[in-house]
Amino acid sequence: MQRVEVNMRRLTLLIHLFFLILMATCFIGCGKTSGDTTLKLVKHGSGVTDEVSIRKLFWIKTNGKAGCIDSDGDIAIEAKFDDIRCDANGLLLIQSGKLFGYANQKGEIVIEPQFDFADEFRDGMAVVRVDGKFGYLNSLADFAIEPKFDFAKPFSEGFAIVGVDGLGFLGYQFRRSRSIFIKKDGVMAFPLSTFFAGQAFSEGLAKVWVGKEQGFINNRGEFVIPPRGSDIGEFHEGYATIWSDNRLGYVNASGEIVIPAQFKQAGQFSEGIAPVAFESGKYGFIDKNGKTVIEAQFETADNFYEGRALVSLDSKKGYIDRTGKVVIPIQFGGADRFRNGLAQFSFQDGNVPYDETKWGYVDVSGKIVWNPTN
0 MQRVEVNMRR
10 LTLLIHLFFL
20 ILMATCFIGC
30 GKTSGDTTLK
40 LVKHGSGVTD
50 EVSIRKLFWI
60 KTNGKAGCID
70 SDGDIAIEAK
80 FDDIRCDANG
90 LLLIQSGKLF
100 GYANQKGEIV
110 IEPQFDFADE
120 FRDGMAVVRV
130 DGKFGYLNSL
140 ADFAIEPKFD
150 FAKPFSEGFA
160 IVGVDGLGFL
170 GYQFRRSRSI
180 FIKKDGVMAF
190 PLSTFFAGQA
200 FSEGLAKVWV
210 GKEQGFINNR
220 GEFVIPPRGS
230 DIGEFHEGYA
240 TIWSDNRLGY
250 VNASGEIVIP
260 AQFKQAGQFS
270 EGIAPVAFES
280 GKYGFIDKNG
290 KTVIEAQFET
300 ADNFYEGRAL
310 VSLDSKKGYI
320 DRTGKVVIPI
330 QFGGADRFRN
340 GLAQFSFQDG
350 NVPYDETKWG
360 YVDVSGKIVW
370 NPTN
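The sequence shown maps to residues 0 to 373 in numbering that gives the first Met the number 0.
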């Protein structure tokens with residue numbers, strides 16, 4: 000019986016290697032193509048983005064249309080789109096009906112809405128879908144990698160996860176597509192590896208699967224944390240959550256347990272502390288030694304961003320500082336974390352449909368800079 004299991008593992012490994020070699024052969028020289036896909040590109044001035052500075056913009060909706068404001072609450076892009084992503088660096092994702100395109104930070108359309116799926120720019124690239132296949136645009140609004148993947152995830156730290164045609168394994172189950180890492184030239188990053196991409200790179204590490212086990216590799220494709228059965232989250236500030244015996248704890252970048260699994264819920268470390276749910280079900284915050292620094296008292300709690308953490312009590316939301324003091328009253332029906340000095344909020348509760356909810360913005364002092372609109 001033991002010999003049969005060993006032979007099956009060898010067979011699985013050989014099949015892995017066979018298809019990986021096939022894919023590696025396909026990917027050599029198959030990165031950026033000559034540009035067979037034609038975009039409806041509308042350029043303004045001498046270039047697409049070179050004349051437009053990067054600004055800190057925030058999404059708003061008025062009279063059913065979406066636009067952007069600046070950090071002072073002044074209109075930066077007129078509310079004229081069905082939807083727009085205002086927080087991107089460079090080109091902004093826009094929506095018209097069921098189609099997506101891109102505008103610059105003046106609100107001028109650079110790529111007419113034409114994609115049935117598109118994502119915002121991250122790490123200088125954006126995922127789009129054309130005729131059922133996924134590819135990547137660069138910041139000049141050209142195809143850096145032609146659409147050819149079954150699925151594609153955003154770039155992070157110079158790598159992206161994509162799905163390619165071919166027979167593959169994931170958790171010992173057959174699936175049509177294999178998840179692999181590519182570089183920005185579209186070439187397979189680790190052609191002779193026997194693992195599947197599981198999670199984007201964060202702080203130099205990425206989760207991968209080997210059979211039913213998961214481990215972490217560095218940007219050279221080398222295992223830093225060997226495959227194991229435990230579920231490990233994404234690394235932030237050197238720590239990641241680990242699931243063990245129905246509880247959560249934390250490991251460091253070497254895979255060593257630094258805070259034993261003891262929490263019902265656990266969030267990422269941010270600004271040196273992390274939100275956790277204790278046995279009572281209430282949320283508090285711990286430091287990297289596992290010491291409680293804000294007592295468990297909240298129904299929910301988010302990470303700290305810009306010195307503020309979103310918390311809730313009695314189904315209402317507000318913000319605390321690092322001492323646990325409520326600095327923006329717990330009064331909102333909906334709210335989000337702080338980004339670039341502002342946080343989105345609504346006085347309406349979750350019973351109101353999202354597309355009918357009125358949203359506004361507060362600064363870190365709690366001052367309203369944009370009254371809720373829809």
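Idealized CB from N, CA, C, for every residue including glycine.
By DSSP's assignment, R246 forms a beta bridge with S243. Out of Q104, N350, L38 and D149, the CA that lies nearest to the CA of I68 is found in Q104.
D141 and G237 have their alpha carbons spaced roughly 36 angstroms apart.
C-alpha of F297 to C-alpha of K132: approximately 44 angstroms in a straight line.
Between G248 and P259, the CB-CB gap stays under 8 angstroms. In terms of Cβ geometry, W358 and K55 do not form a close pair [threshold 8 angstroms]. Beta-bridge partners assigned by DSSP to K60: A65. Ranked by Cα distance from P190, the first of F346, I285, L98 and S178 is S178.
With distances taken between CA atoms, C85 lies nearest to F57 out of P112, K152 and F57. For the set S364, F200, G289 and S95, the Cα lying nearest the Cα of I216 is the one of F200. For E305, the secondary structure class from DSSP, reduced to helix, strand or coil, is coil. For K281, there is no enclosing beta strand (DSSP E), since its DSSP letter is neither H nor E. Here DSSP, grouped into helix, strand and coil, assigns D354 to helix.
As a beta-bridge residue in DSSP terms, T372 pairs with W358. With respect to the 8 angstroms criterion, L98 and E119 are not classified as neighbours on the basis of their beta carbons. The Cβ neighbour count for K206, taken over all protein chains shown within 10 Å, is at least 16; the residue is labelled buried.
Shortest Cα-Cα distance from R121 to any of N88, I144, K147 and D362 involves N88.
In the same chain as S243, and ignoring 5 residues on each side of it, the C-beta atoms closer than 7 angstroms to its own belong to S229 and A260, in chain order.
Inclusion of A300 and A308 in the CB contact set at 8 angstroms is warranted, their separation being smaller than that value.
I367 counts as exposed, since fewer than 16 other C-beta atoms from the protein chains shown sit within 10 angstroms of its C-beta.
The Cβ-Cβ distance between V223 and A252 falls below 8 angstroms.
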